[in-house]
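For reference, the structure discussed in these notes is given below.
Shown next as structure tokens:
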């Protein structure tokens, strides 16, 4: 199977053909090597192999290097990086959910193909919500804005990440305002620019934004993210409400309730809300907690 990757032309079509092809061959072999290492991890599950992959990725070439080395074959190289990025993301999504090199991979990809809008979208969303690197996600989107100044979705996502994760409402408003003035922008985006200032940090505004996105897109992956984030908002509201009830109980009676059910019996809450991620709420040392680990919430 490896043999199929090798060039099979015995006589160059023109002088210099082989020398021009060598850079992309080296690049492809580099990606294939990393891929084979990943397969070794999948089959053995040994920690030393994972460490070997990390060591290999430390030498993964920069986007500038790959771009210059594959000047005539940038689309081929971009395709390989895109496949590598998807495979890397999928592997860690199903295992440890650690995405240390995700930003590096998408940095290379968007350097090779600055017009690849889907790479900015996928890279930014996964960096922000899965890798928990919102600042890196915004930087990726800003680079995309520079290369694609008429695309409204790039500043829109930058505004959204600033609003939801970075809590920088001024920056969110600026990005939303930029997006609202570009061709094809959703009508709600101009309203969000005002919401960023008027309702800064309120969960009702965040819920409205997520619902607007759900109603405005047919993208299944994005809709799945919306559902996760709506569940997280519901979770946080329930947790906050229960904790407030516990604190009122403590202030009135001078002790913490024995359990959450005591809040219901004494009328501090009507019922214990459902935990949206399938776990349960419980009381521990005066603090309301959930049996769902943080890594599984959203």
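Residue numbers (my numbering): 63 to 360. We treat Cβ as the ideally placed atom computed from N, Cα and C, and that holds for glycine. The structure displayed is predicted, hence computed values, not measured ones.
**Request:** Evaluate the contact criterion for the stretch 307 to 318 versus the stretch 269 to 285: three or more CB pairs, one atom per stretch, below 8 Å.
**Result:** The answer is no - the stretch 269 to 285 does not touch the stretch 307 to 318, with fewer than three Cβ pairs under 8 Å.
**Item:** Rounded Cβ spacing between residue 214 and residue 246 (contact assumed at less than 8 Å)
**Value:** That belief holds up - the Cβ atoms of residue 214 and residue 246 are roughly 6 Å apart, short of 8 Å.
**Touch test, the stretch 316 to 333 against the stretch 278 to 293, Cβ-Cβ under 8 Å, three pairs minimum** = Too few Cβ pairs lie closer than 8 Å, so no.
**Where the beta strand (DSSP E) through residue 304 begins and ends** = Counting along the chain, residue 304 sits inside no beta strand (DSSP E); it lies in the alpha helix (DSSP H) bounded by residues 282 to 315.
**Asked** At which residue ranges does the stretch 216 to 253 contain complete alpha helix (DSSP H) runs of 4 or more residues, listed in the order of the chain?
**Response** Counting whole runs of 4 or more residues, the stretch 216 to 253 contains the alpha helix (DSSP H) stretches 231 to 242.
**Asked** Which residues mark the beginning and the end of the alpha helix (DSSP H) in which residue 184 is found?
**Response** Per DSSP, residue 184 belongs to the alpha helix (DSSP H) from 179 to 187.
**Sheet register partners of residue 350 (DSSP bridge)** = Note: residue 350 is bridge-paired with 345 in the DSSP secondary-structure output.
**Per-residue burial, residue 321 [other beta carbons within 10 Å of its own, 16 or more giving buried]** = Exposed.
**Prompt:** Residues in its own chain within less than 7 Å of residue 216 by CB, not counting five upstream and five downstream?
**Reply:** Around residue 216: 182, 203, 206, 207, 210.
**Three-state class that DSSP yields for residue 279 in the structure shown** = In the three-state reduction of the DSSP assignment, residue 279 falls in the coil class.
**Message:** Within the continuous alpha helix (DSSP H) that includes residue 334, where are the two ends?
**Reply:** Residue 334 -> no alpha helix (DSSP H), and no H or E assigned at all.
**Request:** Give the secondary structure of residue 162 by DSSP, where H, G and I count as helix, E and B as strand, and everything else as coil.
**Result:** Residue state for residue 162 is assigned as coil, using DSSP reduced to three classes.
**Prompt:** Quick check: the stretch 224 to 231 against the stretch 186 to 205, are there 3 or more CB pairs under 8 Å?
**Reply:** Contact between the stretch 224 to 231 and the stretch 186 to 205 is present: 3 or more CB-CB pairs across the two stretches fall below 8 Å.
**Request:** Measure from the alpha carbon of residue 281 to the alpha carbon of each residue in 187, 170, 172, 166, then state which is nearest.
**Result:** If we check each option's Cα against that of residue 281, 187 comes out closest.
**Message:** Using 8 Å for Cβ pairs, my map puts residue 251 next to residue 218. What's the rounded Cβ distance?
**Reply:** With a beta-carbon spacing of about 6 Å, residue 251 and residue 218 fall inside the 8 Å limit used to define contacts.
**Request:** Determine the burial state of residue 265: buried for a count of at least 16 other Cβ atoms within 10 Å of its Cβ, exposed for fewer.
**Result:** Using a 10 angstroms sphere on the CB of residue 265, the tally of other CB atoms stays under 16, which defines it as exposed.
**Message:** Taking 7 Å as the threshold (C-beta atoms), are residue 244 and residue 212 in contact?
**Reply:** Yes; because the gap between Cβ atoms is below 7 Å, this pair is in contact.
**Prompt:** What's the gap between the Cα of residue 355 and the Cα of residue 303?
**Reply:** Each residue's Cα considered, the two are about 19 Å apart.
**Asked** Out of curiosity, what's the CA-to-CA distance linking residue 324 and residue 339?
**Response** For the pair residue 324 and residue 339, the Cα-to-Cα distance works out to about 23 Å.
**Prompt:** Can you tell me the Cα-Cα spacing of residue 328 and residue 288, whole angstroms?
**Reply:** Per the coordinates, the alpha-carbon of residue 328 lies some 36 Å from the alpha-carbon of residue 288.
**Asked** In angstroms, rounded to a whole number, what distance separates the CA positions of residue 361 and residue 237?
**Response** Since the first and last residues shown for the chain are 63 and 360, residue 361 lies out of range.
**Sequence-distant residues of its chain with Cβ nearer than 6 Å to residue 233 (five each side left out)** = Contacts found: 224.
**Message:** Please classify residue 337 as buried or exposed, where buried requires at least 16 other C-beta atoms within 10 Å of its C-beta.
**Reply:** Residue 337 comes out buried.
**Prompt:** Between which two residues does the alpha helix (DSSP H) carrying residue 196 extend?
**Reply:** Annotation: the continuous alpha helix (DSSP H) that includes residue 196 extends over 196 to 209.
**Message:** Could you tell me the alpha carbon to alpha carbon distance between residue 267 and residue 185, rounded to whole angstroms?
**Reply:** As the crow flies, the alpha-carbon of residue 267 is around 25 Å from that of residue 185.
**Rounded C-alpha distance that separates residue 345 from residue 352** = Cα to Cα, the separation comes out at about 9 Å.
**Message:** Measuring only the C-alpha atoms, how far is residue 347 from residue 305?
**Reply:** Cα to Cα, residue 347 sits roughly 12 Å from residue 305.
**Asked** From residue 169 to residue 349, what does the alpha carbon distance come to, in whole angstroms?
**Response** Looking at the backbone, the Cα of residue 169 and that of residue 349 are separated by about 42 Å.
**Prompt:** Mind checking residue 357: buried by the 16 CB within 10 Å criterion, or exposed?
**Reply:** By the neighbour-count criterion, in which 16 or more other beta carbons inside 10 Å mark a residue as buried, residue 357 falls on the exposed side.
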